[in-house]
Amino acid sequence: MMSCFVTGTDTGVGKTLSSCALLHALAEYHARVVGMKPVASGAEADGQGGWANEDSLALRAASTLRVDPAWDNPVLLPDPVSPHIAAQRANVRVTLAPILAAYGELRRQADAIVVEGAGGWQVPLSPDLRISDLAMALQLPVVLVVGLRLGCINHALLTADAIRASGLPLAGWIASRIDPGMREPEANMAYLRQHMGAPLLADIAWQARPDARTVSVQLPREWQ
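Counting in my numbering, the sequence shown runs from 125 upward without gaps.
Encoded structure:
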């Protein structure tokens, strides 16, 4: 069974698009592929009398395995703000136990799981719990989504160093071209390719209407 954890250099850098692209790529080698959004902030009506997060809905659409929403999104918070604030507003304390239990259920059914974090590597989930703590509890290889814009080199290298310092492997990184007006994007890409110390899995062009099916992903051989 293959699993990975997707994090980003910041919020809004294309983690969900990247996670969906990974799911489509994995589905070429594994029959039962599922995405997981352990903690999601921001809920909308799902059209079936319930509530869902738009990231979770995108991951479900890209998955080949249908599961109970309590498993692929165990913590759904109403307000679209930082998770620790959304949890406080909802009078909820985010803890690891229910998330790990939900992940265990997915492991029993899936051949491959893509777990998408919230925001960046150090985003707080509660006063004493961060995204990095969740990734370490899951003990999964990490894929870092780098939003290409001014300042991305600093953000990417700091995050990559933090991931390695946690003891988790940085399995690869994805370039997400979120700023079509960015100056010198290729020079930035060249520096990142040289210094990230991990393979580039995908280079996602800017899209007015993002479509994960158009993204070419080079999966690590051991994930195939």
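No residue lacks a Cβ here, since even glycine has one placed at the ideal position from N, Cα and C. From a predicted model like this one, the values you see are computed outputs, not experimental measurements.
Asked, Found
"Close-in-space but distant-in-sequence residues of the same chain around residue 306 (CB under 8 angstroms, 5 per side omitted)", "272, 273, 274, 312"
"Limits of the unbroken beta strand (DSSP E) element including residue 237", "236 to 244"
"Boundaries of the beta strand (DSSP E) in which residue 325 is found, first to last residue", "324 to 328"
"Closer than 8 angstroms: residue 268 CB and nearest the ligand MG heavy atom", "Within the structure as shown, the ligand MG is missing, as the structure has no ligands at all."
"Extent of the continuous alpha helix (DSSP H) run through residue 248", "It is not in any alpha helix (DSSP H) - residue 248 instead sits in the beta strand (DSSP E) that spans 248 to 250."
"Chain-order list of residues whose beta-carbon lies under 6 angstroms from that of residue 139 (same chain, five-residue window excluded)", "130, 132, 240, 269"
"Local conformation of residue 338 per DSSP, three classes", "helix"
"CB contact flag (residue 175, residue 202, <9 angstroms)", "yes"
"Other residues of its chain near residue 179: CB distance less than 7 angstroms, five sequence neighbours each side excluded", "140, 161, 164, 240"
"Through-space distance from residue 330 to residue 304, alpha-carbon basis", "6 angstroms"
"Counted within 10 angstroms of its Cβ, other Cβ atoms place residue 135 as buried (16 or more) or exposed", "exposed"
"Buried versus exposed call for residue 125 [16 or more other C-beta atoms within 10 Å across all chains shown]", "exposed"
"Contact under 9 angstroms by Cβ, residue 246 with residue 211", "no"
"C-beta contact flag for residue 266 and residue 146 at 9 angstroms", "no"
"Delimiting residues of the beta strand (DSSP E) encompassing residue 164", "163 to 165"
"Minimum C-alpha distance to residue 259 - residue among 229, 290, 231, 276", "290"
"Same chain only: Cβ atoms within 6 angstroms of residue 279, ignoring 5 sequence neighbours per side", "133"
"Residue range of the unbroken alpha helix (DSSP H) whose run includes residue 140", "139 to 150"
"Backbone CA spacing between residue 322 and residue 190 [nearest angstrom]", "32 angstroms"
"Cα-Cα separation, residue 196 to residue 341", "23 angstroms"
"Neighbourhood of residue 336 by C-beta distance below 7 angstroms, restricted to the same chain and skipping five residues each side", "141, 144, 145, 148, 186"
"Local conformation of residue 214 per DSSP, three classes", "coil"
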